[in-house]
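Residue numbers (this note's numbering), protein chains in the order written: chain A, 18 to 223; chain B, 316 to 401.
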């Protein structure tokens with residue numbers, strides 16, 4: 018697939034997961050050909066965001082610290098994505114899913130990075146524009162309500178995309194998806210705790 | 316037989332078959348007694364879910380603000396301090 022074609026696919030599907038996530042995910046999962054090239058743009062955006070946020074936070078005075086910071090963020094994120102794909106693979110084995118396709122799961126899960134990326138971008142921008150802490154005042158209360166609403170909306174959107182990844186990537190029904198959480202949630206919790214303790218992410222970039 | 320061949324060559328027919336196959340990609344969700352309720356709720360989230368999500372999140376935030384008060388502001392501060400270190 019040509020870069021321009023994959024970029025058009027990426028744009029169309031990115032708008033699709035906002036407007037019609039169910040239909041977009043079903044369309045992405047269906048078919049014999051899985052176009053993984055389209056997901057490269059979301060990863061480029063993630064890399065660009067980590068680079069710019071590291072520069073904003075640390076400045077350009079210490080290139081060594083900047084490189085370490087950037088690499089830590091990148092490895093933390095890559096580890097999370099690989100872990101999730103491995104957990105999906107285990108889930109597929111557990112439920113004996115026929116016609117298992119890791120490529121399909123990779124494409125579906127990659128698009129679910131959009132809510133995460135948007136939340137991190139907004140948080141980083143707010144950190145610069147209106148630095149915390151918020152105060153117990155009218156503007157502080159309004160801003161907190163707006164921010165928490167924004168966070169909850171993106172979290173719910175992320176959960177929908179996560180559900181759709183399991184639904185179309187592994188063809189699981191709701192009961193099996195709920196049972197699968199007994200495997201996935203504890204592992205993700207432990208991974209998030211490791212990232213927190215090692216000083217990489219307070220909230221995991223998953 | 317010629318009718319079938321004619322249909323199979325028809326672009327619209329092939330598109331419709333492909334769409335039907337896509338729709339039948341996963342079997343319909345069955346939840347026993349809760350299936351009718353599920354079928355009523357889920358379409359809201361299938362078509363442009365962000366509108367419903369924003370509304371629900373706003374309602375949840377207001378309720379949380381009334382219940383927890385200043386704790387919610389503290390939570391917003393913790394989140395805004397930056398999701399990642401330093």
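Note that beta-carbon positions come from the ideal geometry of N, C-alpha and C, so glycine has one too.
If you're wondering where the values come from, they're calculated on a predicted model, not measured in any experiment.
**Cβ distance (whole Å) where residue 92/A is taken to contact residue 186/A below 8 Å** = Sequence index remark: in the first chain, residue 92/A carries index 75 (1-based). Sequence index remark: in the first chain, residue 186/A carries index 169 (1-based). No, residue 92/A and residue 186/A are not in contact; Cβ-Cβ is about 25 Å, not under 8 Å.
**Message:** Can you find the residues in the same chain that come closer than 7 Å, C-beta to C-beta, to residue 219/A, ignoring five residues on each side of it along the sequence?
**Reply:** Your numbering for residue 219/A matches position 202 in the first chain. Answer for residue 219/A: 213, listed in chain order.
**Item:** Local Cβ density within 10 Å of residue 101/A, reported as buried at 16 or more and exposed below that
**Value:** Here residue 101/A is taken as the residue at index 84 of the first chain, counted from 1. Buried, because 16 or more other Cβ atoms sit within 10 Å of the Cβ of residue 101/A.
**Item:** Sequence-distant residues of its chain with Cβ nearer than 6 Å to residue 322/B (five each side left out)
**Value:** Within the second chain, residue 322/B is the residue found at index 7, counting from 1. The answer, listed in chain order, is 328.
**Request:** Run down chain B in chain order and give the residues with a C-beta less than 7 Å from the C-beta of residue 64/A.
**Result:** By 1-based counting over the first chain, the position of residue 64/A is 47. The contacting residues do not exist; residue 64/A stays about 15 Å from chain B at best.
**Residues within the segment 171–198 of chain A neighbouring chain B, beta-carbon criterion of under 7 Å** = 173, 174, 177, 184, 185, 188, 190, 191
**Message:** Quick check: the Cα distance between residue 44/A and residue 337/B, rounded to an integer number of angstroms?
**Reply:** Looking up residue 44/A in the first chain gives position 27. Looking up residue 337/B in the second chain gives position 22. Taking the straight line from one Cα to the other gives about 7 Å.
**Prompt:** Do residue 223/A and residue 97/A have their C-beta atoms closer together than 7 Å?
**Reply:** What you label residue 223/A is simply residue 206 of the first chain in a count that begins at 1. What you label residue 97/A is simply residue 80 of the first chain in a count that begins at 1. Yes, the Cβ-Cβ distance between residue 223/A and residue 97/A is below 7 Å.
**Request:** State the beta-bridge partners of residue 65/A as determined by DSSP.
**Result:** Translated into positions along the first chain, residue 65/A becomes position 48. None, per the DSSP bridge assignment.
**Request:** Classify residue 137/A as helix, strand or coil using the three-state DSSP reduction.
**Result:** For the purposes of this step, residue 137/A is taken as residue 120 along the first chain, with counting starting at 1. Here residue 137/A sits in helix by DSSP.
**Item:** Beta-carbon neighbours of residue 361/B, restricted to chain A and to distances below 9 Å
**Value:** For the purposes of this step, residue 361/B is taken as residue 46 along the second chain, with counting starting at 1. Simply 37, 38, 39, 40.
**Request:** Please classify residue 198/A: is it buried, with 16 or more other beta-carbons within 10 angstroms of its beta-carbon, or exposed?
**Result:** In the first chain, the residue the question calls residue 198/A occupies position 181. Classification of residue 198/A: exposed, given that the 10 Å Cβ count is below 16.
**Prompt:** When the cut-off is 7 Å and only beta carbons count, does residue 131/A lie next to chain B?
**Reply:** Residue mapping note: residue 131/A aligns to position 114 of the first chain, counting from 1. Cβ-Cβ to chain B under 7 Å: no for residue 131/A.
**Prompt:** Under 7 Å between the Cβ atoms of residue 56/A and residue 124/A?
**Reply:** For the purposes of this step, residue 56/A is identified with residue 39 of the first chain, where counting begins at 1. For the purposes of this step, residue 124/A is identified with residue 107 of the first chain, where counting begins at 1. Going by C-beta atoms, residue 56/A is nearer than 7 Å to residue 124/A.
**Prompt:** Considering residue 175/A, what are the terminal residues of the alpha helix (DSSP H) in which it resides?
**Reply:** Position 158 of the first chain holds residue 175/A. For residue 175/A, the uninterrupted alpha helix (DSSP H) segment begins and ends at 155–186.
**Prompt:** Is any beta-carbon of chain A found at less than 7 Å from that of residue 339/B?
**Reply:** The residue you call residue 339/B lines up with position 24 of the second chain. So no, residue 339/B is outside the interface.
**the segment 190–205 of chain A / the segment 57–72 of chain A touching (three or more Cβ pairs under 8 Å)** = no
**Prompt:** Do the segment 163–181 of chain A and the segment 77–92 of chain A touch if we need at least three Cβ pairs shorter than 8 Å?
**Reply:** Contact fails between the segment 163–181 of chain A and the segment 77–92 of chain A, because fewer than three Cβ pairs, one in each stretch, are under 8 Å apart.
**Prompt:** In chain order, what residues of the segment 149–160 of chain A put their CB closer than 8 Å to some CB of chain B?
**Reply:** Using a CB distance below 8 Å, the part of the segment 149–160 of chain A facing chain B consists of 149, 150, 151, 152, 153, 157, 158, 160, ordered along the chain.
**Request:** Let me know the secondary structure DSSP gives residue 377/B once reduced to three states.
**Result:** Taking the first residue of the second chain as position 1, residue 377/B is located at position 62. The answer is helix: DSSP assigns residue 377/B an H, G or I state.
**Request:** Assuming residue 51/A and residue 129/A form a contact by the criterion Cβ under 8 Å, report the distance between their Cβ atoms to the nearest whole angstrom.
**Result:** Within the first chain, the letter at position 34 stands for residue 51/A. Within the first chain, the letter at position 112 stands for residue 129/A. In fact, because the Cβ distance is near 16 Å, the residues do not count as touching under 8 Å.
**Prompt:** What span of residues does the alpha helix (DSSP H) with residue 33/A cover, start to end?
**Reply:** Locating residue 33/A in the first chain gives position 16, counting from the first residue. Here the alpha helix (DSSP H) through residue 33/A covers 20–36.
**Message:** Three or more C-beta pairs under 8 Å: does that hold for the segment 352–370 of chain B against the segment 30–38 of chain A?
**Reply:** yes
**Message:** Please list the terminal residues of the continuous alpha helix (DSSP H) segment that includes residue 340/B.
**Reply:** Working through the second chain from its first residue, we reach residue 340/B at position 25. Here residue 340/B belongs to no alpha helix (DSSP H), and DSSP marks it neither H nor E.
**Request:** With distances taken Cα to Cα, identify the nearest neighbour of residue 95/A among 111/A, 79/A, 126/A, 77/A.
**Result:** Taking the first residue of the first chain as 1, we reach residue 95/A at position 78. Comparing Cα-Cα distances from residue 95/A to each of 111/A, 79/A, 126/A, 77/A, the minimum goes to 126/A.
**Asked** With distances taken from CA atoms, which of 331/B, 380/B, 385/B, 350/B is nearest residue 166/A?
**Response** Position 149 of the first chain, counting from 1, holds the residue named residue 166/A. Minimum Cα distance to residue 166/A is reached at 380/B.
**Asked** Name the DSSP beta bridge partners of residue 117/A, please?
**Response** Residue numbering aside, residue 117/A sits at position 100 when the first chain is read from its first letter. Residue 117/A is not bridged to any residue.
**Prompt:** Cα-Cα, which of 378/B, 384/B, 365/B, 364/B is closest to residue 155/A?
**Reply:** The residue given as residue 155/A occupies position 138 in the first chain. Considering only alpha carbons, the answer is 384/B.
**Request:** Grab the span of the alpha helix (DSSP H) containing residue 149/A for me, first residue to last.
**Result:** Residue mapping note: residue 149/A aligns to position 132 of the first chain, counting from 1. Careful: residue 149/A lies outside any alpha helix (DSSP H) and carries neither H nor E.
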